[in-house]
Amino acid sequence: MGQTMIEKIISRNVGVDSVKPGQIQTVNVDRVMIHDIFIPFVAEKFEEMGFTKLWDPDKVVLIYDHMVPASTTDDIRHFKIGDAFAKKYGMKNVHRSDGICHQLMTECGYAKPGNIVFGTDSHTTTYGCVGCFSSGIGYTEMAAILGTGEMWVRVPETIKVVIDGKLPENVSSKDIILRLIGDLTAAGATYKALEFSGSTVDEMSVAARMTMSNMAIEAGAKAALFAPDEKTAEYSKVDLADVDWLYGDEDAEYCQIITYKAEDLVPVVACPSQVDKIRAVKEVEGTELDQVFIGSCTNGRLEDLKAAAEILKGKKVADYVKLIVTPASRKIYKQAVDAGYMKILAEAGAIITHPGCGLCCGRAGGIMTDGERVLATNNRNFLGRMGTSKVEIYLGSPKTAAASAIAGKIVEA
Numbered sequence: 001m002g003q004t005m006i007e008k009i010i011s012r013n014v015g016v017d018s019v020k021p022g023q024i025q026t027v028n029v030d031r032v033m034i035h036d037i038f039i040p041f042v043a044e045k046f047e048e049m050g051f052t053k054l055w056d057p058d059k060v061v062l063i064y065d066h067m068v069p070a071s072t073t074d075d076i077r078h079f080k081i082g083d084a085f086a087k088k089y090g091m092k093n094v095h096r097s098d099g100i101c102h103q104l105m106t107e108c109g110y111a112k113p114g115n116i117v118f119g120t121d122s123h124t125t126t127y128g129c130v131g132c133f134s135s136g137i138g139y140t141e142m143a144a145i146l147g148t149g150e151m152w153v154r155v156p157e158t159i160k161v162v163i164d165g166k167l168p169e170n171v172s173s174k175d176i177i178l179r180l181i182g183d184l185t186a187a188g189a190t191y192k193a194l195e196f197s198g199s200t201v202d203e204m205s206v207a208a209r210m211t212m213s214n215m216a217i218e219a220g221a222k223a224a225l226f227a228p229d230e231k232t233a234e235y236s237k238v239d240l241a242d243v244d245w246l247y248g249d250e251d252a253e254y255c256q257i258i259t260y261k262a263e264d265l266v267p268v269v270a271c272p273s274q275v276d277k278i279r280a281v282k283e284v285e286g287t288e289l290d291q292v293f294i295g296s297c298t299n300g301r302l303e304d305l306k307a308a309a310e311i312l313k314g315k316k317v318a319d320y321v322k323l324i325v326t327p328a329s330r331k332i333y334k335q336a337v338d339a340g341y342m343k344i345l346a347e348a349g350a351i352i353t354h355p356g357c358g359l360c361c362g363r364a365g366g367i368m369t370d371g372e373r374v375l376a377t378n379n380r381n382f383l384g385r386m387g388t389s390k391v392e393i394y395l396g397s398p399k400t401a402a403a404s405a406i407a408g409k410i411v412e413a
């Protein structure tokens, strides 16, 4: 019997021929990520457990992104604790204003194909875009890894998702993953791995795949994996021959197989206030907006900003609508400036902010109040996430967001 991608990664890591879903395995962790929200709790728990040194300081990455720049004095407390912890234990991989943790983990090469990586954020599944088994954990588990370099996992079952064909011009990977979440429901992939394949996937950029692996947790997934290819090798700076083992075998056992024909897919949105409440844009077209947000670890990459700029070029954001654009990293910000996208967005009336999580987690400006409505490109639309609990949050693609910013209401691109 063959193996799925996640089974191969785990079995190779622990040094056995194969593993089966349901087995408990203790894996050797390749890298961990801690962000500013959780560093005080991780630091306290680490020392409470009696550890006096990190298992490997070079394998620990600390990233400030949710609270950058500080908007409260408590934010500064988090930074000070993080800086002190990094200095005390010899951590060199500290990013204080470079962008969102999930963007930086792949952009900087911390998470690579075949690795096992854990982070103190639920969207750590993002790194599956390069064929990395990555997942979010709590601060107690993180503290234990910092001291031991090990973590237990239960081998997940795998859902295979096959997408074939050519996507319509106004449909993106964001529409695909939203559709999948709607079909699976918010709990439909709980503690399962998603494994993506098909001709549509083969044509996707790493950035487009990243959008899908990022949002897999919204269906409960433990991981979301794409087999490495030439694009992955170039992006992650690895030799493809070194990871040519990393794919799902034809005779692997999957708990479910889901197939989509790309030509049948349409632009969709997640409606308030559940990520799995999916509707075609046509069904909610005309819904008036107060704000549009383009950014986040889901859709703040260069191709997302390009897609928005192409739609907004020579046009203006609707009166009484605020368009906030937040690049996912400093590198992407610079690339967008060099490519002229930022000039186009600024001339259209966009408010361009520093790289980071920003409005996605209700920080760094742009929060909203009762009765207001926003269309955003991030990954969650839970009550209270972008202001009060009476703010309505719709989730969509950068193309849908840009077109809707011009119209002042939800429309198809």
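For the sequence shown, UniProt numbering assigns the number 1 to the initial residue and increments by one for each residue that follows.
Ideal Cβ placement from N, Cα and C applies to all residues, glycine included.
Whole-Å CB distance - residue i paired with residue j, under 8 Å assumed
i, j, result
"P398", "N299", "5 Å"
"R301", "I324", "The pair is not a contact, with the Cβ atoms about 16 Å apart (cut-off 8 Å)."
"G349", "K316", "5 Å"
"D249", "G2", "3 Å"
"T126", "C360", "Rounded, the Cβ-Cβ distance is 13 Å, inconsistent with contact."
"V155", "V19", "5 Å"
"I30", "K59", "Residue identity check: residue 30 is Asp in the sequence provided, not Ile. Yes, D30 and K59 are in contact; Cβ-Cβ is about 7 Å, under 8 Å."
"Y247", "A270", "Their Cβ separation, rounded to whole angstroms, is 30 Å, which puts Y247 and A270 out of contact at 8 Å."
"K94", "K112", "A small correction: the amino acid at residue 94 is Val; Lys does not occupy that position in the sequence shown. At roughly 20 Å, the Cβ-Cβ gap does not stay under 8 Å, so V94 and K112 are not in contact."
"I9", "G114", "6 Å"
"P327", "L345", "Not really, about 10 Å apart at Cβ, beyond 8 Å."
"A364", "Y341", "Not quite, the Cβ-Cβ distance comes to about 20 Å (not below 8 Å), so this is no contact."
Coarse secondary structure for residue i, derived from DSSP in three states
i, result
"K390", "coil"
"K282", "helix"
"E195", "strand"
"A318", "coil"
"A187", "coil"
"Y235", "helix"
"G366", "coil"
"T148", "helix"
"R385", "coil"
"V27", "strand"
"V16", "coil"
"G349", "coil"
"R209", "helix"
"D164", "strand"
"residue 482", "The structure shown has nothing for residue 482, since the chain only spans 1 to 413."
"residue 451", "Outside the displayed range of the chain (1 to 413) lies residue 451, so it cannot be described from this structure."
"G136", "strand"
"F38", "coil"
"I410", "coil"
Spatial distance of residue i from residue j (CA atoms)
i, j, result
"K92", "V61", "8 Å"
"T124", "I257", "24 Å"
"G190", "A224", "Correcting the residue type first, residue 190 is Thr in the shown sequence and not Gly. T190 and A224: Cα-Cα distance of roughly 12 Å."
"E372", "W55", "48 Å"
"I367", "Y64", "20 Å"
"Y139", "F38", "7 Å"
"V281", "S404", "10 Å"
"I34", "F41", "10 Å"
"D229", "G384", "40 Å"
"N170", "V284", "16 Å"
"G362", "F382", "11 Å"
"C255", "A318", "47 Å"
"Y110", "K231", "17 Å"
"Y89", "P355", "27 Å"
"D276", "L395", "10 Å"
"I278", "G387", "22 Å"
"A207", "E107", "10 Å"
"V201", "I393", "28 Å"
Residue-chain proximity (residue i, chain B), Cβ-Cβ < 9 Å
i, result
"L240", "Of the protein chains in the structure, only one exists, and it is not chain B."
Cβ contact (3+ pairs, closer than 8 Å) linking the stretch 21-29 and the stretch 43-51: no
The stretch 160-176 touching the stretch 194-202, judged by at least three CB pairs closer than 8 Å: Contact between the stretch 160-176 and the stretch 194-202 is present, because at least three Cβ pairs lie under 8 Å.
Segments assigned beta strand (DSSP E), at least 3 residues, entirely inside the stretch 54-124: 60-63, 93-95, 116-119
Three CB pairs or more closer than 8 Å across the stretch 372-386 and the stretch 277-293: yes
Inter-stretch contact at 8 Å, needing at least 3 Cβ pairs: the stretch 209-227 / the stretch 125-136: Judged by Cβ distances under 8 Å, the stretch 209-227 makes contact with the stretch 125-136, as three or more pairs qualify.
Sufficient close CB pairs (3 or more, under 8 Å) joining the stretch 257-275 to the stretch 167-182: yes
Segment contact flag, the stretch 94-109 with the stretch 5-14, C-beta cutoff 8 Å, min 3 pairs: Result no; under three Cβ-Cβ pairs closer than 8 Å.
Minimum length 3: unbroken beta strand (DSSP E) runs contained in the stretch 236-300: Counting only unbroken stretches of 3 or more residues, the beta strand (DSSP E) elements lying wholly within the stretch 236-300 are 256-261, 268-270, 278-280, 291-295, in sequence order.
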